[in-house]
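For reference, the structure is listed below as structure tokens.
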Amino acid sequence: MIEGRRNTLAVLATVAAAYAGFRYFPDLGSTELNFEDVQDPRGFRRLSAGESSSGFDLFIGMNAMGPDSLAGAEARVRTDICGALYGDDLPETQVVPVAFFTEYYCPYCRVQTRTLAVLDARRDSNLRVIWHELPLLGESSEVAAKAALAAKRQGAYVAFHERLMRSSFVATPEYLQALAQDIGVDYDRLALDMQSGSVARELENSAALARVFGIFGTPALIIGRTIIQGQVDEKTILRVAEMEIEEDWTSQCQTA
């Protein structure tokens, strides 16, 4: 009787674990990745998987600038999609850029950040992560994004980003000042840069890219020429990266 009950519990536990794995990491059970070509921008494709958090206003950081700025930002990034996504210094063919759209109060982003940070730091990695701030969940999200981009001007983006991701605090001026002091960032300069035109432009560009690629929540990835909406595991990221290398992702950036 007792042994039978134990076996039943073991079976139920296995089923529950399998369900949880399918629910949160749907790609683990998949033997084939299915892509859908997108019409705009041409040459890119979409792989939908995983969980994401969406906000009340996808373009909160841009709306205050007015419709002219919205149109201007989109036109700007469309002139050089790969440059806007990955920066002007594109990696070589055997290294795949990963544009990561993230937001500080998205729980799935925290998991995705840890996965990408580990992959990006590996010596044998063929990935290079480019971080895009996409504040979707209100004013505090936008303040945190501006603070991280301002810290970037002092060479402290990664440290600031990681601390904000781990924090349970709202990004108040008091908290940002304490954080800046803790990691050796000049807070007075940080506060000024948060209001600068260059930070606003960077947020505009990321939001415009989200509009162009149909990104409606965070986290979202664009690996080479593959768009992924939602959190995915390390195995899927590496599989897509390998495919991008085999299929020469750089050809897209030469013709985009």
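All the letters of the sequence shown, read from the start, carry residue numbers 1 to 256 under UniProt numbering. Here a beta-carbon is modelled for each residue, glycine too, at the ideal position from N, C-alpha and C.
{"query": "Cβ-based burial, Ala-180 [other Cβ within 10 Å; buried from 16]", "result": "buried"}
{"query": "Three-state class that DSSP yields for Ser-196 in the structure shown", "result": "coil"}
{"query": "Beta-carbon proximity check, Ala-171 vs Val-199, cutoff 7 Å", "result": "no"}
{"query": "Closest residue to His-161 among Gln-195, Tyr-104, Leu-203, Asp-124 (Cα-Cα distance)", "result": "Tyr-104"}
{"query": "For Ile-245 and Ile-60, the rounded distance between their alpha carbons", "result": "Reliability fails at Ile-60, whose pLDDT of 48 lies under 50, so the model's placement of it is uncertain and the value that follows must be treated cautiously. If I take the Cα positions, the gap works out to 35 Å."}
{"query": "According to DSSP, residues forming a beta bridge with Gln-229", "result": "Ser-48, Ala-220"}
{"query": "Three-state secondary structure assigned by DSSP to Glu-133", "result": "strand"}
{"query": "Minimum Cβ-Cβ distance from Thr-218 to chain D less than 7 Å", "result": "Although the question refers to chain D, the structure presented lacks it and comprises just one protein chain."}
{"query": "Spatial distance of Leu-134 from Asn-126 (CA atoms)", "result": "25 Å"}
{"query": "Buried versus exposed call for Thr-79 [16 or more other C-beta atoms within 10 Å across all chains shown]", "result": "exposed"}
{"query": "Pairwise C-alpha distance: Met-194 and Ala-71", "result": "23 Å"}
{"query": "Straight-line gap, Asn-63 to Ala-117 (C-alpha atoms, nearest Å)", "result": "Confidence in Asn-63 is poor, its pLDDT being 47 and thus under 50, which makes the residue's placement unreliable; the coordinate value appears in the next sentence. Each residue's Cα considered, the two are about 31 Å apart."}
{"query": "Outcome for Gly-155 when other beta-carbon atoms lying within 10 angstroms are tallied against a minimum of 16", "result": "exposed"}
{"query": "Proximity to Val-232 [Cα-Cα], best of Val-111, Met-165, Tyr-157", "result": "Val-111"}
{"query": "Cut-off 7 Å between Cβ atoms - residues of its own chain near Ala-159, not counting five sequence neighbours on either side", "result": "Ile-183"}
{"query": "Identity of the residue in Arg-122, Pro-107, Ala-147, Asp-124 nearest Leu-137 by Cα", "result": "Pro-107"}
{"query": "For Glu-247, three-class secondary structure by DSSP", "result": "coil"}
{"query": "Spatial distance of Val-38 from Asp-186 (CA atoms)", "result": "44 Å"}
{"query": "First and last residue of the uninterrupted alpha helix (DSSP H) at Ala-121", "result": "107–121"}
{"query": "Exposure of Ala-254, with buried meaning 16 or more beta-carbon neighbours within 10 Å", "result": "Before going further, note that residue 254 is Gln rather than Ala in the sequence given. With fewer than 16 Cβ atoms within 10 Å of its Cβ, Gln-254 is classed as exposed."}
{"query": "Euclidean distance between Cα positions of Ala-145 and Ala-178", "result": "17 Å"}
{"query": "Three-state secondary structure assigned by DSSP to Thr-236", "result": "helix"}
{"query": "Host alpha helix (DSSP H) of Pro-41 (start-end)", "result": "Here Pro-41 belongs to no alpha helix (DSSP H), and DSSP marks it neither H nor E."}
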